[in-house]
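Top line first, the protein sequences correspond to chains F and L.
Count along the first sequence starting at 1, add 2, and that's the number in our numbering.
Count along the second sequence starting at 1, add 2, and that's the number in our numbering.
Some notes on the structure that comes next.
Number of protein chains: 2
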Amino acid sequence: MTILIKGVQLDGHTKDIYINNGIIEEISEHCTLNADRTINGKGKIALPSLINGHTHAAMTLLRGYADDMPLKEWLEGKIWPLENKMTAEDIYWGSKFACLEMIKNGITVFNDMYWFWEATAKAVCDMGIRGFLSAVFIDMFDLERSKKQIEHNIELFELSEKYKPHVTFTFGPHAIYTVCKESLQWMRDFSEKYDILIHMHLSEIEEETRFSQEKYGLSPTEFLDDTGILSNRFIGCHGCWLDENDCSILKQHDAKLVHMPVSNLKLSVGRLFPYRHIKNGHGIPFCFGTDGCASNNHLDLIETMKFASLLAKFSSGDPTMLSAKETFDIATKTAASMFFLPEWEIKTGNSPDIILIDTNRPELKPGFDIYSDIVYASNGYIVDTVICMGNILMEERHVPGEEGIIKEFIKTAHRLAEK
Amino acid sequence: MTILIKGVQLDGHTKDIYINNGIIEEISEHCTLNADRTINGKGKIALPSLINGHTHAAMTLLRGYADDMPLKEWLEGKIWPLENKMTAEDIYWGSKFACLEMIKNGITVFNDMYWFWEATAKAVCDMGIRGFLSAVFIDMFDLERSKKQIEHNIELFELSEKYKPHVTFTFGPHAIYTVCKESLQWMRDFSEKYDILIHMHLSEIEEETRFSQEKYGLSPTEFLDDTGILSNRFIGCHGCWLDENDCSILKQHDAKLVHMPVSNLKLSVGRLFPYRHIKNGHGIPFCFGTDGCASNNHLDLIETMKFASLLAKFSSGDPTMLSAKETFDIATKTAASMFFLPEWEIKTGNSPDIILIDTNRPELKPGFDIYSDIVYASNGYIVDTVICMGNILMEERHVPGEEGIIKEFIKTAHRLAEK
Chain F
3 MTILIKGVQL DGHTKDIYIN NGIIEEISEH CTLNADRTIN GKGKIALPSL INGHTHAAMT
63 LLRGYADDMP LKEWLEGKIW PLENKMTAED IYWGSKFACL EMIKNGITVF NDMYWFWEAT
123 AKAVCDMGIR GFLSAVFIDM FDLERSKKQI EHNIELFELS EKYKPHVTFT FGPHAIYTVC
183 KESLQWMRDF SEKYDILIHM HLSEIEEETR FSQEKYGLSP TEFLDDTGIL SNRFIGCHGC
243 WLDENDCSIL KQHDAKLVHM PVSNLKLSVG RLFPYRHIKN GHGIPFCFGT DGCASNNHLD
303 LIETMKFASL LAKFSSGDPT MLSAKETFDI ATKTAASMFF LPEWEIKTGN SPDIILIDTN
363 RPELKPGFDI YSDIVYASNG YIVDTVICMG NILMEERHVP GEEGIIKEFI KTAHRLAEK
Chain L
3 MTILIKGVQL DGHTKDIYIN NGIIEEISEH CTLNADRTIN GKGKIALPSL INGHTHAAMT
63 LLRGYADDMP LKEWLEGKIW PLENKMTAED IYWGSKFACL EMIKNGITVF NDMYWFWEAT
123 AKAVCDMGIR GFLSAVFIDM FDLERSKKQI EHNIELFELS EKYKPHVTFT FGPHAIYTVC
183 KESLQWMRDF SEKYDILIHM HLSEIEEETR FSQEKYGLSP TEFLDDTGIL SNRFIGCHGC
243 WLDENDCSIL KQHDAKLVHM PVSNLKLSVG RLFPYRHIKN GHGIPFCFGT DGCASNNHLD
303 LIETMKFASL LAKFSSGDPT MLSAKETFDI ATKTAASMFF LPEWEIKTGN SPDIILIDTN
363 RPELKPGFDI YSDIVYASNG YIVDTVICMG NILMEERHVP GEEGIIKEFI KTAHRLAEK
């Protein structure tokens with residue numbers, strides 16, 4: 003499949019971009035090659051697509067189902083009971099709708115942790131985006147459960163071959179308070195042997211540190227260091243309660259972090275992502291995530307970028323922190339490198355996914371600084387076109403088949419809630 | 003002018019709403035009255051319109067012009083020099099475009115403080131919305147300047163008759179560090195005599211408290227109390243640095259506050275709006291504002307509501323704070339009462355402005371709780387139709403003449419930046 007984007011704005015110049023099977027083969031003033039599909043780029047800006055560093059895609063099913071509640075009551079009285087009733091089919095439609103919502107917001111890659119792994123894998127393939135998918139690995143310190151989880155994860159890892167190249171299998175140890183040391187050590191070895199990413203909640207809430215200190219006499223990060231699981235394949239999510247020493251350990255092992263500003267506020271986790279330690283102090287690579295729809299409730303990474311940049315400024319007392327351009331680069335370039343994706347810049351020879359921004363949207367006017375306008379003044383509605391792995395997934399904000407997906411998703415969510 | 007909205011969702015029921023010159027005359031299952039204009043309400047929800055409690059409308063001209071800078075450098079090097087070059091015509095186009103942006107985001111009432119009062123008044127009338135407009139009253143403790151400002155404000159007050167009912171004149175004493183006690187006392191008397199609202203920045207930054215303590219030996223609120231200017235006509239904007247005693251004084255005088263969560267983060271003012279004192283402790287009425295486009299940069303009050311609700315949860319450590327419904331009510335009902343507008347609820351005999359929400363937007367699905375979905379999962383793009391003072395300003399997201407306004411606005415902003 004070849005695509006020619008005619009007369010689009012790229013780094014301030016009008017260009018034609020020729021894409022062959024996802025690889026950018028030509029960027030020029032006037033490309034004369036023939037393409038299977040031609041896109042009129044007039045009034046549009048080409049940018050690399052956005053990467054959602056942490057979510058639970060199928061939780062779209064729970065959007066608006068239970069908000070404004072105390073955490074314990076919310077989880078135990080509402081979220082978990084409904085999650086327990088979910089079937090593979092529910093998860094398929096929840097994930098498929100999440101993929102649709104992400105496409106509509108310019109996201110083509112997401113890092114997921116949820117139940118019924120294969121259902122989400124199918125949804126990702128059917129929607130044509132890229133998913134780094136992990137099952138939720140929880141053993142509650144029970145070695146029998148650990149054994150079963152390990153077997154299940156080996157099965158999924160083997161199964162994942164079938165869903166390449168859209169899906170990449172990752173490990174999803176839930177958190178240090180739900181997974182035993184033995185399981186983590188097994189994942190450490192298996193992930194090293196087969197080069198598998200490890201996706202884990204880390205230092206989201208204060209209770210986690212308390213638990214870790216009581217059980218192990220160590221902070222969560224010190225404990226993970228002790229298990230040997232930290233490496234450049236390790237991605238810790240949230241990180242609000244990390245201290246300076248934790249950051250130094252993570253940096254030492256080349257581990258990465260994902261920041262969920264909206265979720266952290268909504269669930270009032272008590273501390274903001276410590277940008278100063280993470281960014282200035284240690285230069286730990288991090289990107290942004292929306293988190294799931296029960297704790298955000300929108301898979302709009304442009305909105306998330308605004309929250310992230312503004313919270314960085316506020317919490318550091320420095321209005322120059324996380325500038326618009328830097329924020330955008332983190333959500334694209336840095337995020338891609340964290341997931342070992344190819345260079346996420348629109349250059350000849352590269353193969354990033356591409357979005358086209360509709361510059362006619364009034365919120366992007368007068369148009370002094372495109373990055374500033376995207377991060378501070380807009381939202382996902384500015385995304386007009388999405389190209390992923392060499393295929394056009396959305397044009398003029400329309401995704402083929404979206405009406406049917408939305409309909410089936412609504413039915414599924416209501417059926418689930420009434421179970 | 004009569005409007006009939008057919009088959010729209012209202013409080014969970016399908017209704018017809020008949021509006022005669024802005025007054026809701028009938029709400030029924032099937033209205034048989036004839037109307038000048040009929041709107042198909044299918045797939046839409048009718049809600050009272052949003053009220054923007056504090057902005058500097060024409061600062062749309064500066065959107066994206068200078069972000070991510072230290073405050074002093076930003077103000078002195080960028081914002082003030084450009085503001086000094088603005089003409090009445092610039093302000094007219096900046097304000098007109100701001101009105102357009104507000105309409106597109108479901109806002110029909112805004113509270114403004116800016117230069118060239120009459121230019122903004124004209125823009126408000128031309129766009130058909132409602133503006134509470136104040137000139138920026140600054141005298142820098144110079145009694146000559148104070149005298150001139152007083153004369154100028156009396157002139158504007160008289161002139162404002164011409165712009166009724168769209169425009170209401172208010173006083174805009176900039177802040178306690180730019181306006182002398184004598185000016186404030188004059189405004190106190192004049193506002194009491196003619197029933198004029200007073201719109202003032204209050205306790206936005208720590209320096210303000212320091213200044214007040216040094217000059218007066220009082221906190222900013224204690225000083226205002228001392229001048230006698232506090233009353234139910236007083237609207238203090240920001241309020242981040244208010245302490246418990248300040249809140250008690252404000253409550254005593256029935257004064258009100260406006261909260262600008264996005265601006266406070268972006269300019270990193272050092273403290274969050276103290277919800278606990280203001281809301282729980284003293285029950286001071288407050289509403290939300292976007293602030294101007296240089297410090298937000300989007301006049302989207304739905305986005306602002308999400309920031310406000312989430313920051314309230316985070317800063318109080320309580321995820322039940324500012325629920326979605328309460329947040330929405332603050333931005334509509336409470337805000338209307340602060341500005342002495344009629345009851346802002348869609349009931350027979352009332353005359354609130356009305357917006358219709360497009361429930362087909364996927365971010366509002368599955369649709370378990372409309373307030374939750376609006377506040378946490380959406381943005382201004384869900385607004386389909388806007389009715390203000392009995393006129394339809396927007397239908398299917400189109401405002402008549404918007405293309406021309408955008409074009410002229412862009413020209414104006416770029417001409418200004420190049421001056």
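The beta carbon of each residue, even a glycine, is placed where N, CA and C say it ideally should be.
Being a predicted model, the structure only gives us computed values, none of them experimental.
When burial is assigned at 16 or more other CB atoms within 10 Å of the CB, is residue i buried or exposed?
i	result
phenylalanine 112(L)	buried
threonine 40(L)	exposed
glutamine 254(F)	exposed
leucine 145(L)	exposed
threonine 306(F)	buried
alanine 90(F)	exposed
asparagine 298(L)	buried
tryptophan 188(F)	buried
aspartate 245(F)	exposed
arginine 65(L)	buried
glutamate 216(F)	exposed
glycine 79(L)	exposed
glycine 238(L)	buried
proline 321(F)	buried
isoleucine 156(L)	exposed
glutamate 120(F)	buried
glutamate 160(L)	exposed
Within its chain, find whatever has a CB closer than 7 Å to the CB of residue i; leave out the 5 residues flanking it on each side and keep chain order.
i	result
phenylalanine 143(L)	Cys182
methionine 3(L)	Asn23, Asp38, Gly392, Asn393
histidine 58(L)	Asp114, Met115, Tyr116, Gly294
valine 169(F)	Ala123, Val126, Cys127, Gly133, Leu135, Ser162
cysteine 434(L)	The displayed coordinates of chain L run from 3 to 421. Any statement about residue 434(L) would go beyond what the structure contains.
Can you give me the start and stop residues for the beta strand (DSSP E) that residue i sits inside?
i	result
proline 50(L)	46–50
methionine 323(L)	Counting along the chain, methionine 323(L) falls outside any beta strand (DSSP E), and DSSP gives it neither H nor E.
cysteine 239(F)	236–240
glutamate 347(F)	No beta strand (DSSP E) contains glutamate 347(F), which DSSP labels as neither H nor E.
asparagine 266(F)	No beta strand (DSSP E) contains asparagine 266(F), which is instead part of the alpha helix (DSSP H) from 263–268.
arginine 39(L)	39–42
aspartate 191(F)	Element bounds for aspartate 191(F): not the beta strand (DSSP E) but the alpha helix (DSSP H), 183–196.
lysine 17(L)	15–22
cysteine 8(L)	It should be noted that the sequence gives lysine, not cysteine, for residue 8(L). Its beta strand (DSSP E) spans residues 4–12.
asparagine 113(F)	109–116
isoleucine 357(L)	356–360
cysteine 289(F)	288–290
Compute the beta-carbon to beta-carbon distance between residue i and residue j, rounded to the nearest angstrom, for a pair I have assumed lies under 8 Å.
i	j	result
threonine 110(F)	cysteine 390(F)	4 Å
threonine 334(L)	leucine 52(L)	6 Å
glycine 45(L)	threonine 361(L)	5 Å
valine 401(F)	isoleucine 357(F)	Not really, about 13 Å apart at Cβ, beyond 8 Å.
arginine 399(L)	lysine 106(L)	7 Å
threonine 329(F)	cysteine 289(F)	With 8 Å as the limit, threonine 329(F) and cysteine 289(F) do not qualify as a contact, their Cβ atoms being about 10 Å apart.
isoleucine 359(L)	leucine 49(L)	6 Å
Might you give, ordered along the chain, the residues of its own chain that have their beta carbon closer than 6 Å to the beta carbon of residue i, omitting 5 neighbours on each side?
i	result
alanine 314(L)	Tyr277, Met323, Leu324
tyrosine 67(L)	none
glycine 272(F)	Glu208
Given residue i, which residues of its chain have a CB within under 8 Å of its CB, disregarding the five upstream and five downstream residues?
i	result
histidine 176(F)	Met115, Val138, Phe139, Ile140, Met202, His203
glutamate 184(F)	Leu145, Ser148
aspartate 256(L)	Ser233, Asn234
At what residues does the alpha helix (DSSP H) containing residue i begin and finish?
i	result
histidine 416(L)	404–420
glutamate 209(L)	208–218
methionine 340(L)	337–340
leucine 226(F)	222–229
leucine 84(L)	82–87
methionine 71(L)	Methionine 71(L) -> no alpha helix (DSSP H), and no H or E assigned at all.
leucine 252(L)	246–254
Practice task
Identify every run of the alpha helix (DSSP H) within the stretch 118–170 of chain L, keeping only runs that are complete inside it and at least 4 residues long; order them along the chain.
Solution key: 119–129, 145–161
Exercise for the section: Give, in chain order, every unbroken run of the beta strand (DSSP E) that is at least 3 residues long and sits entirely within the stretch 357–404 of chain F. Expected result: 385–390, 393–396
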